[in-house]
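Numbering-wise, the sequence shown is residues 5 to 176 according to the working numbering. Think of the CB as a built atom: it goes at the ideal place given N, C-alpha and C, for glycine as much as any other residue.
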Amino acid sequence: MAVCPGGHNSARADVCDVCGLPAGSDPAPSSFPYSQATWSAVIGADRAYYDRVQEVTGTLDAAVAFPGEGAGRRFQLRGNQMRIGRRSASRGLAPEIDLSGPPADPGISRLHAVLIAVPAGHWAVLDPGSANGTLVNGAEIAIGQQVRLQEGDRINLGTWTAITMHRDDRLR
């Protein structure tokens with residue numbers, strides 16, 4: 005059993021099966037100035053993304069219906085990392101950003117992506133190997149690649165899920 009950079013015991017040697025960090029990565033040095041910026045992630049349904057997914061997969065008449073656009077849920081980003089996925093009691097997964105629903109997006113993996121605190125009060129997103137991939141501002145990111153995020157960036161995952169990043173600080 006390997007120990008990941010975040011301190012978790014992992015059955016996988018390439019990437020942590022608990023938090024998704026790649027082996028040998030540095031999750032977040034303790035000297036990061038976290039208090040300088042407050043970030044939140046707003047989760048919603050994205051109709052345009054849903055339509056593109058349906059077109060690409062050829063499932064326009066699929067049983068997976070668009071849930072409708074609601075006000076969205078807001079998650080305050082805290083600590084060194086925030087896992088995004090679906091809760092799984094049998095696998096012991098309880099992501100900080102739990103997209104189990106309702107509505108439940110069937111394209112979300114148990115551990116779909118990880119938001120990682122990076123220097124200067126920023127966050128990055130990493131896809132540890134989700135089944136359906138992760139996009140940032142419409143561009144698919146490679147598995148294991150950290151992409152630094154900016155105010156207003158949009159992360160798409162699953163069948164319709166959109167996560168919009170918001171930064172609220174007075175130091176910009």
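Alpha helix (DSSP H) segment containing valine 57, residue limits: Taking the first residue of the sequence shown as 1, we reach residue 57 at position 53. That run of the alpha helix (DSSP H) goes 51-61.
Among all the DSSP beta bridges, which residues are the ones paired with tryptophan 164? Within the sequence shown, numbered from 1, the residue matching residue 164 stands at position 160. The bridge partners DSSP lists for tryptophan 164 come to none.
Contacting residues, own chain, Cβ-Cβ under 6 Å from isoleucine 101 (five flanking each side not counted): By one-based count along the sequence shown, residue 101 stands at place 97. Phe79, Met86, Ile88.
Could you say which of Trp127, Ile159, Asp109 lies nearest to arginine 152 if we only look at CA atoms? Taking the sequence shown and counting its residues from 1, the one referred to as residue 152 is at position 148. Minimum Cα distance to arginine 152 is reached at Trp127.
C-alpha gap between glutamate 144 and asparagine 84, whole angstroms: By 1-based counting over the sequence shown, the position of residue 144 is 140. By 1-based counting over the sequence shown, the position of residue 84 is 80. Cα to Cα, glutamate 144 sits roughly 24 Å from asparagine 84.
Nearest by alpha-carbon distance to arginine 82: which of Ser44, Gln154, Leu103 is it? Here residue 82 is taken as the residue at index 78 of the sequence shown, counted from 1. Answer by Cα proximity: Ser44.
Starting from the Cα of glycine 48, find the closest Cα among Ala124, Arg114, Gln58, Asp109 and give me that residue. By one-based count along the sequence shown, residue 48 stands at place 44. If we check each option's Cα against that of glycine 48, Asp109 comes out closest.
Hey, out of Glu155, Ile159, Val140, Trp164, whose CA is closest to threonine 42's CA? Position 38 of the sequence shown, counting from 1, holds the residue named residue 42. Out of Glu155, Ile159, Val140, Trp164, Glu155 has the C-alpha closest to the C-alpha of threonine 42.
For serine 134 versus alanine 117, is the C-beta spacing smaller than 8 Å? Counting from 1 along the sequence shown, the entry for residue 134 is found at position 130. Counting from 1 along the sequence shown, the entry for residue 117 is found at position 113. Yes, these two residues count as a Cβ contact at 8 Å.
Can you list, in chain order, the residues of its chain with a C-beta nearer than 6 Å to that of asparagine 136? Leave out the 5 residues immediately preceding and following it. Taking the sequence shown and counting its residues from 1, one reaches residue 136 at position 132. Hits under 6 Å: Gly111.
Can you tell me the Cβ-Cβ gap for leucine 97 and leucine 119, rounded? I've got them flagged as a contact below 8 Å. Translated into positions along the sequence shown, residue 97 becomes position 93. Translated into positions along the sequence shown, residue 119 becomes position 115. That pair is no contact at about 16 Å.
Looking at the secondary structure, which residues open and close the beta strand (DSSP E) in which glycine 137 lies? Taking the sequence shown and counting its residues from 1, one reaches residue 137 at position 133. For glycine 137, there is no enclosing beta strand (DSSP E), as DSSP marks it with neither H nor E.
When the Cα atoms are used, what is the spatial distance from proline 99 to leucine 130? Here residue 99 refers to the residue found at position 95 of the sequence shown. Here residue 130 refers to the residue found at position 126 of the sequence shown. For proline 99 and leucine 130, the distance between alpha carbons rounds to 14 Å.
Note down, in chain order, each residue of its chain lying with its Cβ closer than 6 Å to the Cβ of leucine 139, except the 5 sequence neighbours on either side. On the sequence shown, position 135 is the one that residue 139 refers to. Cβ within range, chain order: Asn160.
Where does leucine 103 fall in DSSP's three states? Numbered from 1 along the sequence shown, position 99 holds the residue referred to as residue 103. Coil, per DSSP.
Distance check for valine 60 and serine 34, CA to CA, integer angstroms please. Within the sequence shown, the letter at position 30 stands for residue 34. Within the sequence shown, the letter at position 56 stands for residue 60. With a pLDDT of 41 at serine 34, under the threshold of 50, the modelled position of that residue is not reliable, and the figure given next carries that caveat. Looking at the two C-alpha atoms, the distance is approximately 42 Å.
In this structure, how does DSSP classify isoleucine 120 when only helix, strand and coil are distinguished? What you label residue 120 is simply residue 116 of the sequence shown in a count that begins at 1. Strand at isoleucine 120.
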